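Position in the sequence shown (first residue = 1) + 278 = my numbering. Beta carbons are placed, not taken as given, at the ideal position from N, Cα and C, and that holds for glycine. Remember, it's a predicted structure, so these values are computed and weren't measured experimentally. The block underneath contains the structure these notes are about, expressed in structure tokens.
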Amino acid sequence: MTDDTGTGAKGDQDAMRIDVALVRQLAELLDETQLTEIEVEDGDRKVRVARTVTVAAAAPMAMPGAPVAAAPAAAPQAVAAPAADPGNAVKSPMVGTVYLTPEPGAAPFVSVGDTVAAGATIVIIEAMKVMNPITAPSAGKIVSILVDNGQPVEFDQPLVVIA
279 MTDDTGTGAK
289 GDQDAMRIDV
299 ALVRQLAELL
309 DETQLTEIEV
319 EDGDRKVRVA
329 RTVTVAAAAP
339 MAMPGAPVAA
349 APAAAPQAVA
359 APAADPGNAV
369 KSPMVGTVYL
379 TPEPGAAPFV
389 SVGDTVAAGA
399 TIVIIEAMKV
409 MNPITAPSAG
419 KIVSILVDNG
429 QPVEFDQPLV
439 VIA
């Protein structure tokens with residue numbers, strides 16, 4: 279015998295009731311923000327929605343011999359990225375939103391051509407409402423900045439190239 283929610287037997291008070299509208303809203307939020315997962319808690323109820331992302335856009339940037347006609351709109355960015363040595367790229371340690379400034383309207387942490395010391399903050403990544411400073415692993419010169427302010431980033435995505 280089941281109750282009208284379809285979650286279990288009548289009187290089964292411990293069964294979780296799924297708010298389908300909430301799950302749909304979270305899935306739409308994932309699409310809008312380009313994030314890979316989101317989790318919300320309400321008391322002892324926790325809902326996590328995740329999706330698998332295929333990183334097809336990274337392949338053309340990794341292949342410098344790719345035909346220019348394949349992506350005419352992205353040609354200026356594709357030309358700038360291979361000029362920098364990707365081996366010196368500082369990569370994102372987490373999924374989140376990258377910020378190039380400490381607060382809106384402030385000067386960026388670093389600009390192309392700046393010299394940075396090891397341990398200097400180069401960007402911050404917001405993940406789950408926490409601002410995480412990303413620091414330069416070694417001293418050097420900022421060769422290129424591979425992300426835009428407020429851009430969603432994935433784990434291990436190159437952020438800044440230091441030479």
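Should residue i go down as buried or exposed, given a rule of 16 or more other Cβ atoms within 10 Å for buried?
i	result
P436	buried
L307	exposed
G374	buried
S370	buried
A414	buried
D426	exposed
A351	With a pLDDT of only 43 at A351, under 50, the local geometry of the prediction cannot be trusted, and the value read off the model is given with reservation. By the neighbour-count rule (16 or more Cβ atoms within 10 Å), A351 is not buried but exposed.
V401	buried
I412	buried
V408	exposed
Kindly identify the DSSP beta-bridge partner or partners of residue i.
i	result
T413	T399
K407	BP columns for K407 are empty, so no partner.
A328	E315
A418	Inspection of the sequence shows that residue 418 is occupied by Gly rather than by Ala. G418 pairs with V394.
I296	Bridge partners of I296: none, in fact.
R323	D320
Looking at residue j and residue i, is the spacing between their C-beta atoms short of 8 angstroms?
i	j	result
V325	V301	yes
A328	E315	yes
K419	G391	yes
A367	V431	no
I440	V394	yes
Sort the options by Cα distance to residue i and report the nearest one.
i	options	result
A398	D426, I316, P386	P386
Q429	I440, N366, I403	I403
V421	E319, S389, L313	S389
F433	L313, Q303, E381, L304	L313
A405	E317, I296, D322, R323	E317
A396	P380, L378, V376, A417	A417
Please confirm whether any heavy atom of the ligand MN lies closer than 7 angstroms to the CB of residue i.
i	result
A328	Of ligands this structure carries none, so the ligand MN is not represented either.
Does residue i get closer than 8 angstroms to chain D when you measure Cβ to Cβ?
i	result
V325	No chain D is part of this structure, which consists of one protein chain only.
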